[in-house]
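Chemist: For the sequence shown, the working numbering begins at 1 and goes up steadily by one. Note that the Cβ used here is the ideal one computed from N, Cα and C, for glycine as well. Dropping a structure here in structure tokens format, bear with me for questions.
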Amino acid sequence: MSTVTERVAAGAVFLDEHDPEWWRADVERAIDLDRLNLGEGDSCILGQRCPISVLAAFVGTAPDAVEDDDRDLSFAAMAARFGAPVRQNGYFTDEWGESLGLQATLGPAGLRDRDDYGDLTAEWKRIITERRCAA
1 MSTVTERVAA
11 GAVFLDEHDP
21 EWWRADVERA
31 IDLDRLNLGE
41 GDSCILGQRC
51 PISVLAAFVG
61 TAPDAVEDDD
71 RDLSFAAMAA
81 RFGAPVRQNG
91 YFTDEWGESL
101 GLQATLGPAG
111 LRDRDDYGDL
121 TAEWKRIITE
131 RRCAA
């Protein structure tokens, strides 16, 4: 498995292709760096960028019927929109998200590495801040 820096760099390239203004502070559904948390589906990169219409379609309801409990699926909804293979239960294949720095790696017990989420969040914040400052 690649380092966190390499994985996030790959994810940034992927987003540049599929959501070109994803890092900007002046766009609709801009990423809030204070709220950014890769360990939470509605606070991660894809979760924050997920329009309500995409989430509603993913959960099979009208936009005004989306409930707070559905919001954690916003990550999976955007992953599906971007072509990730999504399973029946709403979670996408692990390798896709791991390779793009969007998902923590699996530890030996088959659980997500919580420290990896912290490292991923810090690296995404660094990349976004760097891009925003350069713009």
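Could you check which residue in L46, S2 and D42 has the C-alpha nearest to that of H18?
Modeler: Here residue 18 is taken as the residue at index 18 of the sequence shown, counted from 1. If we check each option's Cα against that of H18, L46 comes out closest.
Chemist: Give, in chain order, every unbroken run of the alpha helix (DSSP H) that is at least 4 residues long and sits entirely within the region 15-81.
Modeler: Here the runs fully enclosed are 45-49, 52-59 and 74-81.
Chemist: Rounded to whole angstroms, what is the Cα-Cα separation between V54 and T61?
Modeler: Counting from 1 along the sequence shown, the entry for residue 54 is found at position 54. Counting from 1 along the sequence shown, the entry for residue 61 is found at position 61. Cα to Cα, the separation comes out at about 10 Å.
Chemist: Please return the same chain residues whose Cβ sits closer than 6 Å to the Cβ of A77, not counting the five positions on each side in sequence.
Modeler: Taking the first residue of the sequence shown as position 1, residue 77 is located at position 77. Correct list, in chain order: C50, V54, L55 and F58.
Chemist: Could you tell me the boundaries of the alpha helix (DSSP H) in which D116 lies?
Modeler: Reading the sequence shown from its first residue, position 116 is the one you call residue 116. Counting along the chain, the alpha helix (DSSP H) containing D116 begins and ends at R114 to A134.
Chemist: Should G83 be labelled buried (16 or more other beta-carbon atoms within 10 Å of its own) or exposed?
Modeler: As a first step, residue 83 is located in the sequence shown; it is residue number 83 there, counting from the start. Classification for G83: exposed.
Chemist: Using DSSP's beta-bridge definition, name the partner residues of L102.
Modeler: By one-based count along the sequence shown, residue 102 stands at place 102. DSSP output for L102 lists no bridge partner at all.
Chemist: Using the C-alpha atoms, what's the distance from D72 back to R131?
Modeler: What you label residue 131 is simply residue 131 of the sequence shown in a count that begins at 1. What you label residue 72 is simply residue 72 of the sequence shown in a count that begins at 1. So the alpha carbons of these two residues sit roughly 27 Å apart.
Chemist: Would G101 and F75 be called neighbours here (beta carbons separated by less than 8 Å)?
Modeler: Translated into the one-based positions of the sequence shown, residue 101 becomes position 101. Translated into the one-based positions of the sequence shown, residue 75 becomes position 75. It is not a contact, given that the beta carbons lie outside the stated cut-off.
Chemist: Between the C-alpha atoms of P20 and P108, what's the straight-line distance to the nearest angstrom?
Modeler: Stepping through the sequence shown from its first residue, residue 20 is reached at position 20. Stepping through the sequence shown from its first residue, residue 108 is reached at position 108. Taking the straight line from one Cα to the other gives about 36 Å.
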